[in-house]
Amino acid sequence: MKKPTLLVSACLLGQPVRYDGRAKPVDSPHWQALRERFELLPACPECLGGLPTPRAPAEIAGGDGGSVLRGEAMVKTEAGEDVSAAFAAGAQIMRQTAQRHGCEHALLKANSPSCGNRRIYDGSFTSTLREGDGVAASLLRQHGIQVWNEEEIASLLQAMETPPR
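In this note's numbering, the protein residues as written are 115 to 279.
What follows is the structure, given as structure tokens:
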């Protein structure tokens with residue numbers, strides 16, 4: 115039987131695509147079980163949107179990822195450059211990739227302005243977190259893809275073992 119495909123933030127798979135040019139590989143006792151359960155499909159929405167690596171750090175100002183997609187908030191660098199269009203474009207490509215591969219779940223980088231789910235940095239560049247999803251996480255959710263972060267791998271695996279109701 116073919117394993118389901120799991121969309122994964124490329125940085126979590128060890129690819130050096132983060133804003134600082136580094137990777138952020140997952141350190142979880144559940145990582146092997148995840149690899150056995152899924153085909154892992156790496157993607158970085160910021161790279162897909164055309165941003166270079168490394169790049170200036172960015173945060174969402176004035177809302178969350180859904181607000182950015184509706185044009186009500188912006189993704190800005192600390193210097194004030196608006197990079198919202200690149201974030202939105204990358205999110206769209208990531209969504210298309212997920213749908214093309216039949217992904218029902220995505221494992222994304224916590225707190226990221228693209229990939230964060232449930233919490234993102236607040237736009238002040240002070241490492242302050244607020245509730246909300248990043249741009250790509252928000253778009254994936256809007257299209258019925260369940261979004262998890264690296265702190266929720268055990269919950270993701272448990273959800274896959276629970277039969278649908």
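Note that beta-carbon positions come from the ideal geometry of N, C-alpha and C, so glycine has one too.
Within this structure, are the beta carbons of residue i and residue j separated by less than 7 Å?
| i | j | result |
| --- | --- | --- |
| Leu121 | Cys229 | no |
| Gly246 | Phe201 | no |
| Leu254 | Ala147 | no |
| Ser142 | Ile267 | yes |
| Lys124 | Ala157 | According to the sequence provided, residue 124 is Ala. The question's Lys does not apply to it. Their beta carbons are under 7 Å apart, which means Ala124 touches Ala157 by this criterion. |
| Pro166 | Asp134 | no |
| Gly177 | Ala170 | no |
| Gly185 | Gly248 | no |
Between the C-alpha atoms of residue i and residue j, what's the straight-line distance to the nearest angstrom?
| i | j | result |
| --- | --- | --- |
| Ala193 | Met115 | 50 Å |
| Lys190 | Tyr235 | 12 Å |
| Ala175 | Gly237 | 5 Å |
| Glu265 | Ile207 | 25 Å |
| Arg151 | Ala199 | 35 Å |
| Ala273 | Gln213 | 20 Å |
| Cys159 | Thr242 | Looking at the sequence shown, residue 159 is not Cys but Pro. Approximately 22 Å between the Cα atoms of the pair. |
| Cys161 | Glu275 | 33 Å |
| Val140 | Glu195 | 30 Å |
| Val131 | His215 | 22 Å |
| Asn263 | Lys223 | 6 Å |
| Thr240 | Lys117 | 41 Å |
Assuming residue i and residue j form a contact by the criterion Cβ under 8 Å, report the distance between their Cβ atoms to the nearest whole angstrom.
| i | j | result |
| --- | --- | --- |
| Ala251 | Asn231 | 5 Å |
| Ala205 | Val261 | About 12 Å; that fails the 8 Å criterion. |
| Glu173 | Thr119 | At roughly 30 Å, the Cβ-Cβ gap does not stay under 8 Å, so Glu173 and Thr119 are not in contact. |
| Lys138 | Leu155 | Not quite, the Cβ-Cβ distance comes to about 17 Å (not below 8 Å), so this is no contact. |
| His257 | Arg209 | 6 Å |
For a test of the three-state rule: what should DSSP assign to residue i, helix, strand or coil?
| i | result |
| --- | --- |
| Gln146 | helix |
| Gln129 | coil |
| Met208 | helix |
| Arg255 | helix |
| Ala172 | strand |
| Ala157 | strand |
| Glu218 | coil |
| Met188 | strand |
| Glu275 | helix |
| Glu265 | helix |
| Arg232 | coil |
| Leu165 | coil |
| Arg151 | helix |
Does residue i get closer than 7 Å to chain B when you measure Cβ to Cβ?
| i | result |
| --- | --- |
| Ala250 | As a matter of chain content, chain B is missing from the structure shown, which is built from one protein chain. |
Under 6 Å: does the beta carbon of residue i sit that close to some heavy atom of the ligand SAH?
| i | result |
| --- | --- |
| Ser226 | Among the ligands in the structure shown, none appear at all, so the ligand SAH cannot be discussed. |
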